Amino acid sequence: MKSVFRKIRSKKKEDQANQNASSPSFSHGPAPPISNSQPSTQPALQPVLQQKRTSTIGSEPAQAHQPQPPQPRTKKFHITTSIPPNELSRLLQLPASDFEDDPRDLVKIELPICPVCYNFDPFKAPRDGGAGRPSWAKAEFNISDDIPVSKIKIEKAEELRNTANGGCLYCSMVVASLGAVHPDWETENTFIHIYLASGLPVIVRLDFGATSVVYLGREAMLELGVDIAEGQQMEFTIRVTDSDKEAIEIEIFRSAIPNDILTAGDVALSPLTQHMGYAEEIPSDSGSLECAKFIKENIDICIKHHKCGTGGPLPLLPDRIIWIAANNATGIQLIEPQSIRAPYITLSYCWGPVDANTYLTNAENVSSKREGMNYNDLPPLFQDVVYTARRLGIEYIWIDRLCIIQGANGDFSTQAPKMGEIYGNATLTIATASATTEFDKILTQRERPSYNLNMDVAGLGSLKTRFRRLPYELGTEANGGKYGKMSSRAWIWQERLLAARTIFFTPHAIKFECRHHSIWEGYNKGLTSSSWSNQLDNITHGSWMSLVEEFMRRDITRSSDRLPAMESVMKRIAKSTGWVPLWGLWANALVESLCWDSKMSDKSGIHECKMNPAYYAPTWSWASVDGPISYICAKPDSPVNERDPRTWEVECRSLNEASGLIKLAGRVIFVELQVTIETHEIDPERPASEQQKFWYNYVVKAPGEPQGLPMRQDVALKPQAFAMNGGNFTCAVRVPFGEPLPEKSWKAHCACLLVGASRLRTTVLLLGMSSRVNGAWERVGLIDGFNPSIFGSAQIQLIDIV
Numbered sequence: 001m002k003s004v005f006r007k008i009r010s011k012k013k014e015d016q017a018n019q020n021a022s023s024p025s026f027s028h029g030p031a032p033p034i035s036n037s038q039p040s041t042q043p044a045l046q047p048v049l050q051q052k053r054t055s056t057i058g059s060e061p062a063q064a065h066q067p068q069p070p071q072p073r074t075k076k077f078h079i080t081t082s083i084p085p086n087e088l089s090r091l092l093q094l095p096a097s098d099f100e101d102d103p104r105d106l107v108k109i110e111l112p113i114c115p116v117c118y119n120f121d122p123f124k125a126p127r128d129g130g131a132g133r134p135s136w137a138k139a140e141f142n143i144s145d146d147i148p149v150s151k152i153k154i155e156k157a158e159e160l161r162n163t164a165n166g167g168c169l170y171c172s173m174v175v176a177s178l179g180a181v182h183p184d185w186e187t188e189n190t191f192i193h194i195y196l197a198s199g200l201p202v203i204v205r206l207d208f209g210a211t212s213v214v215y216l217g218r219e220a221m222l223e224l225g226v227d228i229a230e231g232q233q234m235e236f237t238i239r240v241t242d243s244d245k246e247a248i249e250i251e252i253f254r255s256a257i258p259n260d261i262l263t264a265g266d267v268a269l270s271p272l273t274q275h276m277g278y279a280e281e282i283p284s285d286s287g288s289l290e291c292a293k294f295i296k297e298n299i300d301i302c303i304k305h306h307k308c309g310t311g312g313p314l315p316l317l318p319d320r321i322i323w324i325a326a327n328n329a330t331g332i333q334l335i336e337p338q339s340i341r342a343p344y345i346t347l348s349y350c351w352g353p354v355d356a357n358t359y360l361t362n363a364e365n366v367s368s369k370r371e372g373m374n375y376n377d378l379p380p381l382f383q384d385v386v387y388t389a390r391r392l393g394i395e396y397i398w399i400d401r402l403c404i405i406q407g408a409n410g411d412f413s414t415q416a417p418k419m420g421e422i423y424g425n426a427t428l429t430i431a432t433a434s435a436t437t438e439f440d441k442i443l444t445q446r447e448r449p450s451y452n453l454n455m456d457v458a459g460l461g462s463l464k465t466r467f468r469r470l471p472y473e474l475g476t477e478a479n480g481g482k483y484g485k486m487s488s489r490a491w492i493w494q495e496r497l498l499a500a501r502t503i504f505f506t507p508h509a510i511k512f513e514c515r516h517h518s519i520w521e522g523y524n525k526g527l528t529s530s531s532w533s534n535q536l537d538n539i540t541h542g543s544w545m546s547l548v549e550e551f552m553r554r555d556i557t558r559s560s561d562r563l564p565a566m567e568s569v570m571k572r573i574a575k576s577t578g579w580v581p582l583w584g585l586w587a588n589a590l591v592e593s594l595c596w597d598s599k600m601s602d603k604s605g606i607h608e609c610k611m612n613p614a615y616y617a618p619t620w621s622w623a624s625v626d627g628p629i630s631y632i633c634a635k636p637d638s639p640v641n642e643r644d645p646r647t648w649e650v651e652c653r654s655l656n657e658a659s660g661l662i663k664l665a666g667r668v669i670f671v672e673l674q675v676t677i678e679t680h681e682i683d684p685e686r687p688a689s690e691q692q693k694f695w696y697n698y699v700v701k702a703p704g705e706p707q708g709l710p711m712r713q714d715v716a717l718k719p720q721a722f723a724m725n726g727g728n729f730t731c732a733v734r735v736p737f738g739e740p741l742p743e744k745s746w747k748a749h750c751a752c753l754l755v756g757a758s759r760l761r762t763t764v765l766l767l768g769m770s771s772r773v774n775g776a777w778e779r780v781g782l783i784d785g786f787n788p789s790i791f792g793s794a795q796i797q798l799i800d801i802v
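If you're matching positions, the sequence shown starts at 1 in our numbering and goes up one per residue.
So this is what it looks like as C-alpha cells:
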C-alpha cells in the first residue's frame, strides 16, 4: 500500500497543471445528520451543572475592533483531491499506519466560515478578554498568554438552528449535543454561548431566558459617578434567566484513537477539528481502580515536585486520630499518639442532624472507641473514607466528629485552634461534595454518560468527536466553585484553605487540588487550573475581602462560631505577613476594611442580614451581622476608574482590641434617614420563612442632595430617642435580635462619616448613637455615591465607634 501511495503522489506532481484543471471537485449539499449520538460503551461521567438562576447584570468596556462576522455561508463545502473518488474512498478506509506520507495530503477540504459558530476557530471568532479582564480560558486554566481565546454570543437559538439546517458542520454538532441532553431545548426561549480556545474542548452553554445589551457613553456614566474616556462606551449585558431551569453546559472534544484502529480517513478529516482539544473518558464508578490511581498519582506528583504540605512526607499525627490498620479485633480504633509521624487523611464534610443516635465521640464513649470501632457501625460516608484510605495505603484518618470529644464535657475549645495544623499537615483531605450528610456514600455509580458525536462527511468517512456535560460550572472556580452543600458551610471554607491537598468527590468527577494547581478527571494531565486554596500564600487585602465575601455567604449552625471558624486561617496569614487580626479585619488596613455593606437582596425591600442573638463583635465589623456582605466599595478600583481614583479620608487614632472601640478622625455631617414601609402580599405557596410581611425602603437626605440616596442598611433599623444637649435626639439604631420590626414609616437622624472619596463620589458610614457605651456611636449602614461637595464645610472630628 505504501508503494501505491507513493505512485499516486508522484503522478500528482508530474501532471499538476492538468490535474488542477480536471481533478474532481465534489460540491456536497448540507452536512449529513449525526450518525449516532448514543452513549458510548466506555464508562463515562456526566457532571451535574448548577447555574445562578436570578437575573444578573455584568459590564465590560465595549470592544471597538471585534472581528466582523463573515457573510452568510452557502449550504455547500468543497472537497478537492487529485485521486479518483472510488480510489480515494478505498484509501481512506485503510489503516493510517499503512501510509508512509501524511494522509492529509490526499484531500483538501474547504469550508466557508459560519457567521454563527465561526467553525469553532478561535482565530476567527470574536476574541475574549482584554481591557484588564482575563479571557474565560485564562481565568479557568493555566494556559499560555499567546493561545487564542474566543467567546461567541448567540442571542437567539433560532440562529443556531438555521445555520445547522443550512449545512454548518459545527452548528450541527451543537444542535445534536444539546438535543441529546435536553431534547426540548429548541422549543424553549434560550440563548447560547460558545467558548473557544485552541487546544481546549469546545464548551457550549445553554441558558433559559433572554439576554440584551445596553451601551452607555461618558455622559451617562458620569451621572452614575464613573468617569470614562471621551468616546468610550460601557457595555452592560442583561441576562434574565428562568428561575425554574438550570443552565446546561456541555463540552465537545476529541478523544485519542488507538493506532491499531486509526484510519487514513480519521487523519485526513482531522483538520476539521484542529483547534478542538482532547479529553479522556471519566470512569463510571468513583470507587474504581482508575479513580484511586488518579488520586495516588496526583498526591505523589505534589509531594515530589511541589512545596504544599507543611508537615512533609511524614507529618506529625494530631492529638487524637483513627487508626484503620489497628492490631485489634476490629482493625479500627481511636488512638492518642505521642510524637508519631505518618501520612494521614482528614475529612471535610457536612454534618447531618445530631441526636441521641448520632455516631460521634463524647466523654461517655471515648473509652470504648479507644478499644475499637466496628466498620459496619460507621455511617456510610465514613466507611467510604476508610475504604479509600486503605486503597491509597494510608493508615490514619482524622474525622472531627470522632477525633474531637463532643458535648459539654468535650475538648472542642482546645482542638478547634489546632485546625490549621491538622488540615495543613495532612497528606490529603477528602472533600465529600457529593454527600449532604454522613449517611450518603461517595463511592457510587455516576449517572451521565459521554456520547459519540460522529459526522459522516460524504465519501470521506466519519469525523469522530465526543461530548458530555461539563463536570463543574464554568466561571465559578475563581470564587471557590460550587460543590453542593459543602459550598454553603463556613467551617468547610476554613478547612479547604488550610488543607495542603484536597480531593473533591463530586457527583460526576473527582477534582484534585493542592496549593500549586488543581486538575479534574477526564482532562489531559498537562491541563491544570489555578488553586483556590493557594490564596493564603499570596494574600492581599483585596483578595482577603473576596474571601470574606465568600465566607459570609456560607451558613453556620451557631453564629457565635463565625469568628472561630476563620481563626486558624487568620493565624496563618498573620504568621506569614505580620498583619494584626482585629475582629475579622486587619488592623493595618482598618480604614478600607470598614467599607463592607450588607449584600443587596435580589428582591428590593428585603433584609438579607440579620442581627446575631448576642454580642459577638463591634458594629464596625462584618462579624456583628449574620448574612452575606459585600466589599465592592472597598476593593481596589477597576481600570475604568483610573481617571477618578479614590483616596481614604479617615484616620484611626486609637483602638481597643478587647472592647472593640475605635477612635476615628474624619469629616462628619448629620443627615436625615427616611424609611418607607409598605405592606407586602404574602405568597401562600412559598414558605413563610422566605418572605417578609413588609418591605422597607431606606433613603438618606443630605444638604445638596434633595432627592436623597438609597442606604445600604446593615440590618433592619428602627428610630430611638436619646438625650442630647438637654433635649431629645432621634437616631437610627439596629433592631435587636428577636424584637419585632417597625410596621410604620419613620424618620430619624444619622451621623455621616466620610471614609473615602474620589472626584465624583464618596463612601460614607452611617452611624447611630450607642445605647451600650455612653458617648459612642454604632454603625447602621453605608452609602456609596454622595457628591463630595456635601462635606465641603465639614470639620474633622474625633468619633468613637463600638
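The beta-carbon is built from N, C-alpha and C at its ideal position, and this holds for glycine as well. Fair warning: this is a prediction, and the values are worked out from it, not measured in the lab.
Does DSSP put residue 219 in a helix, in a strand, or in coil?
helix
Spatial neighbours of residue 178 within its chain, please: CB distance less than 6 Å, with the 5 preceding and 5 following residues excluded, ordered by chain position.
185 and 206
Is DSSP giving residue 145 helix, strand or coil here?
coil
Buried or exposed for residue 780, please, with buried defined as at least 16 other CB atoms from any protein chain shown within 10 angstroms of its CB.
The residue is buried, with at least 16 neighbouring Cβ atoms inside 10 Å.
Reduced DSSP secondary structure (H/G/I, E/B, other) of residue 68:
Because residue 68 sits at a pLDDT of 44, beneath the cut-off of 50, its placement in the model cannot be relied upon, and the point is left open.
Among 544, 561, 607 and 563, which residue has its Cα nearest to the Cα of residue 573?
Of the listed residues, the one whose Cα sits closest to residue 573 is 544.
Alpha carbons only, please: which of 346, 734, 512 and 788 is nearest the one belonging to residue 703?
788
Run through the region 165 to 192 for me and flag every whole alpha helix (DSSP H) of 4 or more residues, listed as ranges in chain order.
Entirely contained in the region 165 to 192, the alpha helix (DSSP H) runs reaching 4 residues are, in chain order, 169 to 181.
Mind checking which residues open and close the beta strand (DSSP E) that includes residue 389?
That residue, residue 389, is in no beta strand (DSSP E); its alpha helix (DSSP H) goes 380 to 392.
Looking only at its own chain, which residues have a Cβ that is under 8 Å from the Cβ of residue 647, when we skip the five neighbours before and after it?
756, 757 and 758
With three or more C-beta pairs closer than 8 Å as the rule, is the region 162 to 170 touching the region 97 to 114?
yes
Any idea which residues DSSP pairs residue 663 with across the strands?
654 and 800
Between which two residues does the beta strand (DSSP E) holding residue 501 run?
The continuous beta strand (DSSP E) containing residue 501 extends over residues 501 to 505.
Taking the alpha helix (DSSP H) that residue 541 belongs to, which residues open and close that run?
541 to 552
What residue range is occupied by the uninterrupted alpha helix (DSSP H) comprising residue 749?
Looking at the DSSP string, residue 749 is not in any alpha helix (DSSP H); the run it does join, the beta strand (DSSP E), is 746 to 757.
Could I get the ranges of all uninterrupted alpha helix (DSSP H) runs contained in the region 467 to 519, with 4 residues as the minimum, in chain order?
490 to 498
In chain order, what residues of the same chain lie with their CB nearer than 6 Å to the CB of residue 204, ignoring the 5 residues before and after it?
174, 194 and 250
Is residue 118 helix, strand or coil by DSSP?
helix
Where does residue 724 land, buried or exposed, given buried means 16+ other C-beta within 10 angstroms?
Exposed is the call here.
Going straight from the alpha carbon of residue 232 to that of residue 132, what length do you get?
Here the alpha carbons of residue 132 and residue 232 stand approximately 15 Å from one another.
Where residue 265 sits in the DSSP three-state scheme
helix
Secondary structure at residue 93, three-state DSSP: helix, strand or coil?
It is coil, neither helix nor strand.
Check residue 366 in the structure and name its three-state DSSP category.
helix
Which whole-angstrom value is the C-beta distance of residue 717 and residue 675, which I expect to be below 8 Å?
7 Å
Rounded straight-line distance, which links the Cα of residue 210 to that of residue 55
Confidence is the limiting factor: at residue 55 the pLDDT is only 28, short of 50, which leaves the residue's position unreliable and the question unanswerable from this model.
Report the residue from 276, 81, 176 and 588 whose alpha carbon sits nearest the alpha carbon of residue 268.
81
Inter-residue spacing [alpha-carbon to alpha-carbon] between residue 214 and residue 237
Each residue's Cα considered, the two are about 6 Å apart.
Assuming contact is defined by CB atoms lying nearer than 7 Å, are residue 500 and residue 424 in contact in what I supplied?
yes
Ranges of the alpha helix (DSSP H) found wholly within the region 229 to 308, counting only runs of at least 4
Taking only runs of at least 4 residues, the alpha helix (DSSP H) segments lying wholly in the region 229 to 308 are 264 to 269 and 289 to 305.
Do you know how far the Cα of residue 446 is from the Cα of residue 828?
This structure cannot speak to residue 828, because the chain is shown only from 1 to 802.
Can the beta-carbon of residue 324 be found closer than 7 Å to that of residue 389?
Cβ atoms of residue 324 and residue 389: closer than 7 Å.
Rounded to whole angstroms, what's the CA-CA distance from residue 380 to residue 358? Just pull it up for me.
13 Å
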